[in-house]
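Each number in the working numbering corresponds to the 1-based position in the sequence shown with 84 added.
Virtual Cβ for every residue (Gly too), placed ideally from N, Cα, C.
Everything on this sheet refers to the single structure shown next.
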Amino acid sequence: MIVVGLSHHATPIAVRERLALTGDALERAHELLRALPSVSETVLLSTCNRVEVYAAPTTADVAEAAARELRAALTELGGREVSPHLVTAHGEAALTHLFRVASSLDSMVLGEPQILGQLKQAIQRAEERRALGPRLSPVVRTAVQVAKRVRTETELGNGQVSVPSVAVELAKQIFDELAGRTAVLVGAGEMAEAAAKLLSRLGARLVVVNRSSARAAELAAEVGGVPRVIEELEHCLLEADVVIASTSSPTPLITHALVRSLHKKRRGRSLFLIDIAVPRDVEPAVNELDNVYLYDIDDLSRVVAQSLDGRAAEAKRAEAIVREETQAFLVRRSQDAVTPLVVKLRERTQRVLDGELERSLKGRLKHLGEAERQALAAMVQASVNKLLHGPTTRLKELAMQQKSGDAGAVLAELFELDTARDPGATGDAGGDGESGAGGDGGDSGLRKKA
């Protein structure tokens, strides 16, 4: 398996927003990936904090070509500025990274639950577009199971800090009390809904602004707020104390000029804006205005980092689970890869001995009765079992140690075995010996430039 992409770890929001894939851009991305000659299967994960492609090459020997094609496709989608920030991992490093991503060990907010749902949606999109097949499907589905195990066996997600909760906490620091304050939610998605519920509990007056009046009304009714359409945004900003923006707009909705035009009418009242959208909904220059405070998603990440010390022990337990599951998957993949070889070896040995027995029974031993013939056949079968027991056992042991590749190749050559294996069966998930950019479980390998 290969992973190519960028994330919040080493890529600033100004670059990430160039590769934000929603709507038509997401469809175009799938079309580009589907056309890559060296790539057979893909899953595209696009969130506000990362855009990554998990892929299987058409054959193991074109893995590097596949990685180059993936990088070129993402560069075409995001522009030349994106290219220096793209990172790549192969094999075990890619597998470990995917398991960490699914388990929310690589998230901006450690233990947040949204990433698993986003990964499931990415898998579903890949299935709908027939971009997911027998080589990559077991990998991504195992990642989902690993994430569920981490949630079950650790407390990584308990009492978790989320992006919306950090945003609301920052608002409390600015205004001390949010009861009676007007909070405007621009956007009505998952993040906005989570923030709305927190603000409602704190007694804020909620205004939900959205392009879809039906969705605005739905969320407003759920949290006791007032629905507004996007055309009323200027009036809503005039009333606002807190604004949380989380739309999928490709361009900023709240500009420096718009906020400056409202300055006199607001009579110096403080305005606190939290922009958790990628691409950004609020122009950064807004922060230069008096009594205006702007936080974007990267600002929130720095606040979040200060709150994670208490989860260190749970994170270590989760990392151990990821390492264990990674090795278990690689062992299963290696064992699956040697099974056709073992079957072919047994078939060839049995065929040769059966042939010799048949010739003997038609020649010097043709006088033997049925009972004697059956006894000889049983002896041949037992001989095959005893003869191949040692090599078969040793080959499976090597597979468990992920060292069966060379031994299997020699065995196939010596006995002229045509296994007709999937050419990427051992290499796709890490058996090709490529370490990529890391993969010890403690770091995803995608924090360094490829």
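Asked	Found
Coarse secondary structure for A119, derived from DSSP in three states	coil
Element boundaries [alpha helix (DSSP H), containing S221]	S221 to E237
Residues near V387 by beta carbon distance below 6 angstroms, same chain, minus five either side	V250
Alpha-carbon spacing of S297 relative to V313, whole angstroms	6 angstroms
Backbone CA spacing between H174 and A149 [nearest angstrom]	12 angstroms
Sequence-distant residues of its chain with Cβ nearer than 8 angstroms to Y377 (five each side left out)	I258, S354, L355, F356, L357 and N371
Straight-line gap, D323 to K348 (C-alpha atoms, nearest Å)	Checking the sequence shown, residue 323 turns out to be Glu, not Asp. Using only the alpha carbons, I get a separation of about 13 angstroms.
Entirely enclosed alpha helix (DSSP H) segments - the segment 437–487, minimum 4 residues	454–484
DSSP three-state assignment for E316, whether helix, strand or coil	helix
Rounded straight-line distance, which links the Cα of S130 to that of R219	21 angstroms
Beta-bridge partners of R289, as assigned by DSSP	T266
Residue range of the unbroken alpha helix (DSSP H) whose run includes E253	V247 to F259
Other residues of its chain near D512: CB distance less than 6 angstroms, five sequence neighbours each side excluded	Residue placement at D512 is flagged as unreliable, the pLDDT there being 46, under the threshold of 50; the coordinate-derived value follows with that caveat. Same-chain partners within the cutoff: M85, A140 and R219.
Straight-line Cα distance separating L460 from K470	15 angstroms
Selection from P363, A263, D359 and L240 that minimises the alpha carbon distance to I328	D359
Bridge partner(s) assigned by DSSP for F356	V326 and Y377
Same chain, Cβ closer than 7 angstroms to Q434, neighbours up to 5 away in sequence not counted	V468
Local conformation of G163 per DSSP, three classes	coil
Per DSSP, cross-strand counterpart(s) of V366	I338
S130 - partner residues in DSSP beta bridges	V135
Coarse secondary structure for H93, derived from DSSP in three states	coil
Per-residue burial, A168 [other beta carbons within 10 Å of its own, 16 or more giving buried]	What sits at residue 168 in the sequence shown is Pro, not Ala. That one is exposed.
Exposed unless 16 or more other CB atoms sit within 10 angstroms - verdict on K428	buried
Alpha-carbon to alpha-carbon, S418 and R407	17 angstroms
C-beta contact flag for M275 and S330 at 7 angstroms	yes
contact_flag[the segment 149–166, the segment 202–213] where n(CB pairs < 8 angstroms) is 3 or more	no
Integer-rounded CB distance, given that V362 should sit under 8 angstroms from I338	Not really, about 15 angstroms apart at Cβ, beyond 8 angstroms.
Per-residue burial, A462 [other beta carbons within 10 Å of its own, 16 or more giving buried]	exposed
Given S444 as reference, the closest of S385, A104, A305 and V464 once Cα atoms are compared	V464
From D374, N375 and Y379, residue whose alpha carbon lies closest to that of E367	Y379
Residue burial classification, Q202 (beta-carbon count within 10 angstroms, cutoff 16)	buried
Complete alpha helix (DSSP H) runs within the segment 148–223 (minimum length 4 residues, chain order)	175–186 and 198–212
Meets three-Cβ-pair contact criterion under 8 angstroms: the segment 285–304 and the segment 252–270	yes
Meets three-Cβ-pair contact criterion under 8 angstroms: the segment 285–299 and the segment 223–232	no
Among V123, H114 and H340, nearest to D365 - alpha-carbon criterion	H340
Beta bridge counterpart(s) of E500 as assigned by DSSP	DSSP, once it has assigned bridges, lists no residue as partnering E500.
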